[in-house]
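Trainee:
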Amino acid sequence: MEDKINKSGYRILYASTDNDVLNMPIYQSSIKLLVSSMICVGRTNRIPVLTFNQHPLLQLNKIQMVQVQQNDTIKWTAHNADKWVSSRKWADTLELKLSSTADKVTFAKQYHLDTALWKKVFEFMCEHKLEEMAPGKYPIDGDNAFAIITDGPSKEIKDAMWESHQKYIDLQYVIKGKEKIGVVPITDATITKPYDELRDAANYSAKGKYYIAASKIFFLFFPDDVHRPNIIVPGYGIVKKLVIKIRVLKDSAGK
3 MEDKINKSGY RILYASTDND VLNMPIYQSS IKLLVSSMIC VGRTNRIPVL TFNQHPLLQL
63 NKIQMVQVQQ NDTIKWTAHN ADKWVSSRKW ADTLELKLSS TADKVTFAKQ YHLDTALWKK
123 VFEFMCEHKL EEMAPGKYPI DGDNAFAIIT DGPSKEIKDA MWESHQKYID LQYVIKGKEK
183 IGVVPITDAT ITKPYDELRD AANYSAKGKY YIAASKIFFL FFPDDVHRPN IIVPGYGIVK
243 KLVIKIRVLK DSAGK
């Protein structure tokens, strides 16, 4: 079995009838010829997999073609990521605004590594009456994404901790009330408690900037975003909040 990527942007997996590897190029014309006999058979690593029946010209038992994720070819920069975020192509019917604190380049990369997962996340926010939902944990996509709703008091700033996560991205949205959230790059923070895999968290001391979190805006915190949520705002002691945990994905280069 051999795995190659041809100029068409597709990953080709193929095997010969005698189980030897076929060392033959498959060009764009061959792809076009075979597309008509494609049969969708499932998903591998969350990427659509398409299988061809034996093709008379190539005499193969099986050809599998997996479209390479767009994220493997796009080089995200501050400019094109900002343009993509501003286009709101990611938002569908979601009317909430993304906080200015969000790392747009990382958002673009993560979104395009699994657009289906992110669509489920935003659909959850659109299709549920969040104001009426009871506190608790709600499934979105197994261990890949799940929601947690809380409804309780915020903390005094001295009791709120700086934290970051490695396994999951934090989407944080205040449904009712207001709270203050601190944000600082991980490079400007000092570790006070090393990363704990069970908690998926490390803690820090830092001097960051603080923002008011309220309805109409949501925050995204990636592994390099140290954040300090749940800080009380005078007059808003009780806050109803949504946190969605979204699994951090790696691209083909492991980044």
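Here the sequence shown stands for residues 3 to 257, where the numbers follow this note's numbering.
All residues carry an ideal CB built from backbone N, CA and C; glycine is no exception.
(1) Assuming Y206 contacts T189 (C-beta within less than 8 Å), just tell me the rounded distance between them.
(2) Just checking my contact of Q168 with D202 at CB under 8 Å: how many whole Å lie between their CB atoms?
(3) Assuming I171 and V245 form a contact by the criterion Cβ under 8 Å, report the distance between their Cβ atoms to the nearest whole angstrom.
(4) In the DSSP assignment, find the unbroken alpha helix (DSSP H) run with F109 in it and report its ends.
(5) Going by beta carbon distance, what residues of the same chain come within less than 7 Å of G237, once the five residues before and after it are set aside?
(6) Going by DSSP, which residues form a beta bridge with G144?
(7) What separation, rounded to the nearest whole angstrom, lies between the Cα atoms of I150 and K139?
(8) Please state whether DSSP places F224 in a helix, a strand or coil.
(9) Ignore the nearest five residues each way along the sequence and tell me which others in W120's own chain have a CB closer than 6 Å to its CB.
(10) For I219 and K77, I'd like the C-alpha separation in whole angstroms.
(11) Start and end of the beta strand (DSSP E) containing A136?
(12) Taking the CB atoms as reference points, tell me whether F109 and S166 lie closer together than 9 Å.
(13) Would you grab the beta carbon distance between E181 and S156 for me? Rounded to a whole angstrom, and I think it's under 8 Å.
(14) For the candidate residues H229, L98, A83, whose alpha-carbon lies nearest to that of I177?
(15) So, for T96: in the same chain, excluding its five sequence neighbours on each side, which residues have a beta-carbon less than 7 Å away from its beta-carbon?
(16) For S89, which of helix, strand or coil comes out of DSSP?
(17) Quick one: using the 10 Å Cβ neighbour count with 16 as the cut-off for buried, is P187 buried or exposed?
(18) Taking only three categories from DSSP, how would you classify W120?
(19) Return yes when the Cβ of T103 is within less than 9 Å of the Cβ of D227, no when it is not.
(20) If we count the other Cβ atoms within 10 Å of its Cβ and call it buried at 16 or more, is G239 buried or exposed?
(21) By the three-class DSSP mapping on this structure, what secondary structure does I171 have?
(22) Going by beta-carbon coordinates alone, are P137 and G184 separated by less than 9 Å?
(23) Helix, strand or coil for H81, going by three-state DSSP, please let me know.
(24) In whole angstroms, what is the alpha-carbon distance linking D84 and A204?
(25) So G184 is in the beta strand (DSSP E); what residue range does that whole segment cover?
Mentor: For this structure:
(1) Rounded, the Cβ-Cβ distance is 11 Å, inconsistent with contact.
(2) Confirmed, Cβ separation roughly 6 Å.
(3) Contact flag wrong, Cβ pair sits at about 11 Å.
(4) That run of the alpha helix (DSSP H) goes 106-115.
(5) Result list for G237: empty, nothing under 7 Å.
(6) Answer by DSSP bridge pairing: none, since G144 is not bridged.
(7) C-alpha separation (whole angstroms): 4 Å.
(8) Correct three-state label for F224: coil.
(9) So the list reads Y113, once near-sequence residues are dropped.
(10) The C-alpha of K77 is placed about 28 Å away from the C-alpha of I219.
(11) Looking at the DSSP string, A136 is not in any beta strand (DSSP E), and its letter there is neither H nor E.
(12) Taking 9 Å as the cut-off, the Cβ atoms of F109 and S166 do not count as close.
(13) Yes, they are in contact, since the Cβ atoms of E181 and S156 sit about 5 Å apart, within 8 Å.
(14) Out of H229, L98, A83, the CA that lies nearest to the CA of I177 is found in L98.
(15) Strictly speaking, residue 96 in this sequence is Leu, with Thr absent from that position. Cβ within range, chain order: F124, M127, C128.
(16) In this structure, S89 counts as helix in the three-state DSSP scheme.
(17) P187 comes out exposed.
(18) In this structure, DSSP gives W120 a helical state, which the three-state scheme calls helix.
(19) D227 places its beta carbon less than 9 Å from that of T103.
(20) G239 is exposed by the Cβ-count criterion.
(21) It is a strand residue.
(22) The answer is no: Cβ separation not under 9 Å.
(23) DSSP places H81 within a helical segment (H, G or I) once states are collapsed to three.
(24) When rounded, the distance between both Cα atoms is 29 Å.
(25) DSSP places G184 in the uninterrupted beta strand (DSSP E) bounded by 181-187.
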